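Below you'll find the structure, written out as structure tokens, and then a few comments.
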Amino acid sequence: MTVAQIDVADVLPASSGGLWHDAWSRLRRNPGAIVGCFIVLSFVVIAVFAPLIAPYPPEQVNLNALGTSCCPGPSAQHWLGVDQVGRDELSRILYGARFSLVIGVVAVSAGLTLGLILGATAGYLGGFTDSVIMRSMDVMLAIPGLLLAIGIVAALGPGLWQIMIAVGITNVPVFARLLRGSVLSQREQDFVLAARSVGIRKRSILFSHILPNSMSPLIVGATLAMATAIIDVAGLGFLGLGPQDPGTPEWGTMLTQVDLYLQSAPFLAIAPGVAIVLLVLGFNLIGDGLREALDPKLRGRTGRFKASKSAEESLDETRAAAFNQESGEFG
Amino acid sequence: MLRFIVRRLLLLLPILFGVSLLVFIWIRLLPGGPAQGLLGERATPQSIAQINRQFGLNRPIYVQYWRYLDETVIHLNLGTSISSFRPVTDEIRIRFPATVELALGAMIFAVSFGIPLGILAAKKYGSAFDHGSLLASLIGISIPIFFLGLILKYIFSVRLGWLPSIGREDVLANYSHPTNFYILDAIIERNPAQLWDAIRHLILPAIALGSIPLAIIARITRASVLDVQNEDYVRTARAKGLPPRQVDSRHVLRNAMLPISTIIGLQTGLLLSGAVLTETVFAWPGIGSWLKDAIFSRDYPVLQGGILFLAVVFVVVNLLVDISYAILNPRIRLS
Amino acid sequence: MAGRQQAGGRREPALLGPKPKLQRIIFRPIADNAARLQALQSGEIQGYDLVDPQDIGTVQSNSNLKILNRPAFNVGYVGINQSIPPMNNLKVRQAIAYGLDRATVVAKFYAGRGQVATEFLPPSLNGYAGKGVPLYPFSPSKAKALLQQAGQTLPVPIDLWYPTSISRPYMPDPQRNAEAFAASLEQSGFKVTFHSAPWRPDYLAQVQSGKAQVFLLGWTGDFGDPADFDNVHFGAFNPMFGFHNARLFTMLSNADQETNLAKRNKDYQQAEIYIMKFLPMVPYVHSKPALAFQKNVNGYIPSPVSLESFATVFYGK
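Protein chains in written order, with this note's numbering: chain A, 1 to 331; chain B, 1001 to 1335; chain C, 2001 to 2317.
Take a look at the structure:
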């Protein structure tokens, strides 16, 4: 190969078809990702078909199922036992999947959309717009995640859609940064310069060239953001900031009153928690697998700290590593 | 390096301004308006008028913002708590050490177990232990802190009775607390029983809070060590015939520590967020539980002051992390 | 109230009465129910007040601990604020009374230590009527019929308030009671919206200023006279209940001024019957609060009004 040929091959990103095909085969071989997909799909099926699968309505109070104290444990009629007012725990867990998944999807989608717009704009337009947008994102990131969500809920009041908004807003700076980084790294590449020299407008370049190439970090980010969103929603529910109807079968809210019954009915604490762990683990496994499948192609062969990087760039890369918890596996 | 630090410092100011602006706007979004929000149920027309005058709520918005900055930054007056009637700054002074002690405990736990685990996994790259550790760290970041706290409470407190379930010290204790850092106080007072009491109460909450940082640190350590191990200079060192132990300590670990130490600093955000949940589960009298109670009692001065304070702490810690990064990274230190 | 306040008592030789056997007593507030139990189990404390019903079994099955009972001297009730329509309509209030499954709640939630309250006064108190008080056994159909007679369109919306972060002797888990009652109310033609607030200051402030339409509350007697129950609550206009009923006010005022004990009791019995016809609230439980102690703590005499002397307490075997 001549030098000229090597240069071209290095500059042009791999075509979309090749990248996805390659990533997919890598993903398929990753046992963790397969397990993760299985878990998430199971929960999605459970959430969608909950009315058909659940043995009882989740909010149906049934005091006759109780003894004189709290809560009989698992039995033939109630596989996971009943809660303190006699509702079937299994049905509540099954319906709880709906809350976690729906809230997660809505919150992440909202955060992603807004973050995408802001980040792409900042990255592509640069200059003053970039500074303003990025400083605002920094300010939002200056307040630690859950606290920001708590602050938003404190202003909006507790409730279901309020925590959706709060968690969605906390996602915005993360995606904004992601997009901006991706746009910045592609902006100066030859294919973009070539397109501009031919006269293609900025906006078309953005939509038809840059954004598709940003897909992979976005997908990884979205999957991991789902995992975080589900945990944060449960956390807000645990603090009592979620749906205010105490009968709501949301996993975090179900854990709130459990402290009183820890001695007499520990399974009431275990069931919702295990559900949260499983679902979040599923998303984390998928996200991890996706990152491995997609990232090495994008990053290049090894993750060296190039000597020519400025101090800020090195630090930002480390910060990005912190955000993405890179595994550092080698391709 | 000085330029780097100065640049970072300059970046700090607009962010702090931004945060104060955010909180300022937030107060004005509160139901019932800012005066009502700051006074709560005890609002009388006279006190509302007084708040209006004090904060200049009838003046143009920029005057209000200036007044607000004046009050909070220059006079360090964060208002008075609606529930406890004490100045917010007083409450912070009492409660912040509790949260710091918890966060430090969690960090110590995470680092002491995370780094060795990560190194071990890197050394046994590809083995069952390695895969197991990866899975374990994934599970670790999937467990909600409050759930882990409840489980720990159930196993070690309720079932086994080995450790206390709530609070920072024994119910009947009557120790003196000059600094309000209980472990430090015990050392100052030279009281081993007090020290043991403080440690006993810190163990479970620290483990619960530190679980996620532990998983992350283990992972980053493993990644970092792996990265460094394959660098050219390490291969050279090995090829030169240096004993493996020397290669490890002089080349691999020292260079691997750089991203690891940065990550440790960046966990502060996680720790502050997680503190709210951990303190609720273990009735730990820190800033986290204080803020949570403030939400339900709609104690807006507390919320405003507390969030502002924590944001400032978070920003400052990030700055310190950046500076330490500059010091540790020879490329920057010598530039 | 997880404060660090500590009250203490030291044996004072100069005081009257039986000589206290203990040298020092320390009182400590512990906010967390589970923590109180654990502190007792681990030996950190020698006794605590207000054991949760679900923990009583745990204490009794522990050979090192024991339960002492305080006689029932309280009432838990569902309060109704007649200043918020349609609560001013008697038939609606009756529908609420018929729509609460009080028997099941008391049977299941109080570890067998509660008895269904048929009137406001606890049975041990003078003036307790017993017979003659209108009863309202749980009947969703009757409740619905009454609502329709009152001209209401079903389901009737109702705002049910309950406190959080608190445990009272008559209401160990307010949310649990609220959820159970809401379920039976919804069977009876109501549509329940929950409202909750921390006990102090918000819940009490809301309820006592008359902002809550229907709320869970109760009362533990301070001294052994019905005036402490009836007159305090219904003797004059009370924003919590929001009604002006001159007949009831006069009845109670006269009863209180009556010095002849037999006549006084009769007067209060009449008042009790009238109260249960008027239904400013629906009482549901009188509970026996429990104290838990280490086995070797003897001589503690529980009192219904919680006026308990530590002078007689000593450590036995």
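Using N, Cα and C, we set each Cβ at its ideal position, and we do this for glycine too. Treat the numbers as computed from the prediction; the structure is a model and nothing was measured.
In terms of DSSP beta bridges, what is residue i paired with?
i: Tyr2191 of chain C; result: A quick correction: the sequence has Lys, not Tyr, at residue 2191 of chain C. Its beta-bridge partners are C:Pro2157.
i: Phe2293 of chain C; result: C:Gly2047, C:Lys2066
i: Gln2115 of chain C; result: C:His2286
i: Ser2196 of chain C; result: C:Tyr2162
i: Met254 of chain A; result: Partner(s): none; Met254 of chain A has no beta bridge.
i: Pro1087 of chain B; result: B:Thr1080
i: Met2281 of chain C; result: C:Gly2079
i: Val332 of chain A; result: Here chain A has residues from 1 to 331 only, and residue 332 of chain A is not among them.
For chain A, is any of its Cβ atoms less than 7 Å away from the one on residue i?
i: Trp1026 of chain B; result: yes
i: Phe1125 of chain B; result: For the sequence presented, residue 1125 of chain B should be read as Tyr rather than Phe. Not an interface residue.
i: Leu1314 of chain B; result: A quick correction: the sequence has Phe, not Leu, at residue 1314 of chain B. So yes, Phe1314 of chain B belongs to the interface.
i: Pro1014 of chain B; result: yes
i: Asn2033 of chain C; result: yes
i: Pro1292 of chain B; result: The amino acid at residue 1292 of chain B is misidentified as Pro; the sequence shows Lys. Taking Cβ atoms only, chain A reaches closer than 7 Å to Lys1292 of chain B, which makes this a yes.
i: Arg2200 of chain C; result: no
i: Tyr1068 of chain B; result: no
i: Gly1114 of chain B; result: no
Quick check on DSSP: helix, strand or coil for residue i?
i: His2244 of chain C; result: coil
i: Gln162 of chain A; result: helix
i: His1075 of chain B; result: coil
i: Thr129 of chain A; result: helix
i: Leu262 of chain A; result: coil
i: Arg2168 of chain C; result: strand
i: Val2232 of chain C; result: helix
i: Trp1066 of chain B; result: helix
i: Val1316 of chain B; result: helix
i: Leu2217 of chain C; result: strand
i: Tyr2274 of chain C; result: helix
i: Tyr2315 of chain C; result: strand
i: Asn2298 of chain C; result: strand
i: Val153 of chain A; result: helix
i: Ser1289 of chain B; result: helix
i: Gln2152 of chain C; result: coil
i: Asn2033 of chain C; result: helix
i: Thr223 of chain A; result: helix
i: Gly1140 of chain B; result: helix
i: Glu1101 of chain B; result: helix
i: Gln1046 of chain B; result: helix
By Cβ distance, which residues of its chain are closer than 7 Å to residue i, with the 5 residues on each side in sequence left out?
i: Gln60 of chain A; result: Arg87
i: Tyr261 of chain A; result: Cys70, Cys71, Gln84, Leu268
i: Ser2083 of chain C; result: Gly2210, Gly2242
At least one CB of chain C closer than 7 Å to the CB of residue i: is that the case?
i: Ser25 of chain A; result: no
i: Asp186 of chain A; result: Note on identity: in this sequence residue 186 of chain A is Gln, with Asp being the wrong assignment. Answer no: the Cβ-Cβ gap between Gln186 of chain A and chain C never drops below 7 Å.
i: Pro246 of chain A; result: yes
i: Leu262 of chain A; result: yes
i: Ile1166 of chain B; result: yes
i: Val153 of chain A; result: no
Hey, is residue i's beta-carbon within less than 7 Å of any beta-carbon in chain B?
i: Ile143 of chain A; result: yes
i: Asp138 of chain A; result: yes
i: Pro2029 of chain C; result: no
Beta-carbon within less than 6 Å of residue i's beta-carbon, same chain only, minus the 5 sequence neighbours each way: which residues are those?
i: Gly36 of chain A; result: Gly282, Leu285, Ile286
i: Ser2132 of chain C; result: In the sequence as displayed, the identity of residue 2132 of chain C is Gly instead of Ser. Within the same chain, Gly2132 of chain C has close Cβ partners Ile2273.
i: Leu1214 of chain B; result: Ala1110, Phe1113, Gly1114
i: Ile1263 of chain B; result: Ile1220
i: Gln2149 of chain C; result: Lys2091
i: Lys2021 of chain C; result: Phe2314
i: Pro2157 of chain C; result: Lys2191
i: Gly145 of chain A; result: Thr170
Hey, would you say the C-beta of residue i is under 6 Å away from at least one heavy atom of the ligand ADP?
i: Ser2196 of chain C; result: This structure lacks the ligand ADP; in fact it carries no ligand of any kind.
Using a Cβ-Cβ cutoff of less than 8 Å, which residues in the same chain neighbour residue i once the five nearest sequence positions on both sides are dropped?
i: Phe238 of chain A; result: Gly252, Thr253, Leu255, Thr256
Segments assigned alpha helix (DSSP H), at least 4 residues, entirely inside the region 1204-1269 of chain B: 1232-1240, 1254-1266
Could you tell me which whole alpha helix (DSSP H) segments of length 4 or greater appear in the region 2070-2100 of chain C? 2090-2099
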